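What follows is one structure encoded as structure tokens, with my remarks underneath.
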Amino acid sequence: MLILETTKVLVCPLLQPNDSIQCALAYWCLCCRSKMHQRAIDTIQQNLENEARLKMEAVVVRKRLEQDITELEITLEGVNKARAEAERSLKQNQQEISDLETLLEDEQKSK
């Protein structure tokens, strides 16, 4: 028997093309090939469905992370404003303390 690699069909050189065994063998090979192709298509389809599901999950996670980043940026902006206000207040308090110390020194010198 001779095996053709491209088609995977068994061909016997002793049989005539019209022989019923040849036809049955060819039909059997086609059925097997069809089943293999269907299994491959089913596997590919399942992979595509899984990939689509994972992509949708990734989109949901990405949107959630983008929202978290936006919230963190807003919080950071508020904290930075509060820090800047605290620094201004601290400088004012330091200036007031310095002025009061100068005033106290002047009072003590005058006594």
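Residues are numbered in the numbering used here as their position in the sequence shown, beginning at 1, plus a constant of 291.
Glycine included, C-beta positions come from ideal geometry on N, C-alpha and C.
This one's a predicted model, so the numbers in the text were calculated from it and none came from an experiment.
Requested in this report: State the DSSP-derived secondary structure class of LYS402, mapped to helix, strand or coil.
Outcome: Mapped onto the sequence shown, residue 402 falls at position 111. Residue state, collapsed to three classes: coil.
Query raised in the report: Between the C-alpha atoms of LYS326 and ASN338, what's the straight-line distance to the nearest angstrom?
Result: The residue you call residue 326 lines up with position 35 of the sequence shown. The residue you call residue 338 lines up with position 47 of the sequence shown. Taking the straight line from one Cα to the other gives about 18 Å.
Query - Nonlocal neighbours in the same chain, by C-beta distance under 7 Å from ASP390, ignoring five residues either side - result: Locating residue 390 in the sequence shown gives position 99, counting from the first residue. Excluding sequence neighbours, ASP390 sits near nothing in its chain.
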